[in-house]
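Residue numbers (the UniProt record's numbering): 1 to 323.
What follows is the structure in structure tokens.
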């Protein structure tokens, strides 16, 4: 039986302080429940969405008192009733009136799209229906676990983005790579270029005309065949740690996009490691509204701790020591 559809009337929305500063494409995705992103972009490209009577690009940032015209949109009732499950409570490690910091599980996308019907942010909104605003301040790969900042106020979101642009947020990760990493501390500055594969999957490679990217790598521990590293991100490019380290000849264990696939298969069988070993472990920054210092740490998930114990039991550890 075919899904019925409901036709919306022309809407005019006036932008308040909570929505000011948001990109119009993200704003439309948020208020047009059940409408695919691809359709939202078509509405923008065709000029059917207007701000103050004029066309705007999808990157336009809304301002207070902007009047947004939203045309009639066909909304599938099947999509409309595809409810995001409440699910298990997401672990919150820090929260105040302006923001919260989650410990995201591995395997869960931060938002819906690209074949994923919902992600962390949709689930969080479902769990907190009375929240006026919940917006991602940054992203983590689906396969990565660890600290994720969510803004609860528009002013906090804008300030967090400004902090990130200016390098004001320290982001520290922990990973295990294939190979014996020797340098106690190394800066990697190689530009990264984002592209799509033939089947439409997003990938990144080192390329001279790519965007500048800077990672600082610290040796934590080293075994016979693998090494545990700490990585501080000075920029936040897509797949930055994965591509930087793979380009150096040290792919992340468990990485199903850039890794050593034969090694991954062996580690899954011998050590039970079925995910990528990459964890966002520590964040430090000045609070976006008060300026007070914020420092949050997320412990390694049990499956990653178990893998380190397996390494200690099965391989000889050498001069690389924890810092």
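Ideal Cβ positions, reconstructed from N, Cα and C, are used throughout, including at glycine.
Where residue i sits in the DSSP three-state scheme
i	result
residue 285	strand
residue 27	helix
residue 110	coil
residue 324	Only positions 1 to 323 of the chain appear in this structure, which leaves residue 324 out of reach.
residue 128	coil
residue 302	helix
residue 40	helix
residue 232	strand
residue 153	coil
residue 57	coil
residue 275	coil
residue 324	Since the displayed the chain opens at 1 and closes at 323, residue 324 lies outside it and no answer follows.
residue 215	strand
residue 314	helix
Burial state of residue i, where buried means 16 or more other Cβ atoms lie within 10 Å
i	result
residue 222	buried
residue 302	exposed
residue 215	buried
residue 178	buried
residue 195	exposed
residue 122	buried
residue 241	buried
Beta-carbon proximity list for residue i, same chain, < 6 Å, skipping 5 on both sides
i	result
residue 205	193
residue 103	91, 93, 298
residue 232	172, 216
Span separating the alpha-carbon of residue i from that of residue j
i	j	result
residue 161	residue 264	35 Å
residue 68	residue 15	8 Å
residue 73	residue 9	8 Å
residue 183	residue 217	9 Å
residue 56	residue 50	7 Å
residue 149	residue 284	11 Å
residue 229	residue 291	30 Å
residue 47	residue 158	27 Å
residue 11	residue 125	23 Å
residue 167	residue 21	20 Å
Close Cβ partners of residue i (< 7 Å) along its chain, the five nearest in sequence each way excluded
i	result
residue 153	98, 133
residue 304	277, 279
residue 17	64, 154
residue 310	271
8 Å Cβ shell around residue i - same chain, five flanking residues per side excluded
i	result
residue 25	37, 40, 41, 44, 58, 59
residue 225	178, 179, 180, 315
Residue i beta carbon near the ligand HEM (any heavy atom closer than 8 Å)
i	result
residue 224	The ligand HEM is not among the ligands present in this structure, which contains no ligands whatsoever.
Three or more C-beta pairs below 8 Å linking the stretch 176–194 and the stretch 243–255: At 8 Å Cβ cutoff, the stretches touch.
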